[in-house]
Amino acid sequence: EVLLVESGGGLVQTGGSLRLSCTTSGFSFSSYSMHWVRQAPGKGLEFVSSINSNGGGTYYANSVKGRFAISRDNSRNTLYLQMGSLRADDMAVYYCARHSNYEGTYDSWGQGTLVTVSS
Amino acid sequence: DIQMTQSPSSLSASVGDRVTITCRASQSISTYLNWFQQKPGKAPKLLIYAASRLQSGVPSRFSGGGSGTDFTLTINSLQPEDFATYSCQHSYRSPWTFGQGTKVEIK
């Protein structure tokens, strides 16, 4: 069974930092590109960042570029999102998602982790 | 970035109804269009990929169509478990973007 489990969310002050983790199992992690997608309360889904299978290529939404950094450890089957200079509009549930080449989109998602930014 | 616009934002329907949701892209995306279902407090679930291909395990009452800029998601004979929010998403090029979602509520 494919499993993605996010952790690391919580309450942080404006301007603070947080690192999210996505621990995976049930598939060959090193073969897949991985993404972070977020959803602010009551809002739609928003792409945040992606990383290719070997970690050599990354992409960021303009809204987080220069503040967030995505990385992965294929030996630990784990995806990370280092978030810095957090703002009120970063408050959201953050999901990690697997990019399937077959479907050409996200075929598996974690349950999400909530990031709350408070002044 | 490519903008995705869904309509309507919400709708009320009864069990057994046929429901159609539309999604429009700000530029042509061929058939790089996907549909997700999301229930409160849960992660999204892939229903349709490549505009019209049904994801494994998804009931056949769900169908998708369209190409270029205009797409539809149709649910034939709405079931109680189908009341949820549906979002379109393009995967034509980075960044992949989503529509704002359509909430399907019980009439």
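First to last, the protein sequences are chains A and B.
Counted the way our numbering counts, the first sequence spans residues 1 to 119.
Counted the way our numbering counts, the second sequence spans residues 1 to 107.
Don't be surprised by glycine CBs; every beta carbon is placed ideally from N, CA and C.
{"Check": "Partners in chain A for residue 97 (chain B), counting only beta-carbon separations shorter than 7 Å", "Outcome": "47"}
{"Check": "Among A:19, A:45 and A:73, nearest to residue 31 (chain A) - alpha-carbon criterion", "Outcome": "A:73"}
{"Check": "The region 82 to 93 of chain B: positions lying closer than 7 Å to chain A by Cβ", "Outcome": "87, 89 and 91"}
{"Check": "Chain A contact residues for residue 100 (chain B), given Cβ-Cβ distances below 7 Å", "Outcome": "44"}
{"Check": "Assigned secondary structure, residue 62 (chain B) (DSSP; H/G/I helix, E/B strand, else coil)", "Outcome": "strand"}
{"Check": "Same chain only: Cβ atoms within 6 Å of residue 46 (chain A), ignoring 5 sequence neighbours per side", "Outcome": "38"}
{"Check": "Cβ neighbours of residue 104 (chain B) in the same chain (closer than 7 Å, five flanking residues each side left out)", "Outcome": "11, 13, 19, 82, 83, 84 and 86"}
{"Check": "Extent of the continuous beta strand (DSSP E) run through residue 64 (chain A)", "Outcome": "First-last for residue 64 (chain A): undefined, no H or E at that position."}
{"Check": "Limits of the unbroken beta strand (DSSP E) element including residue 114 (chain A)", "Outcome": "113 to 118"}
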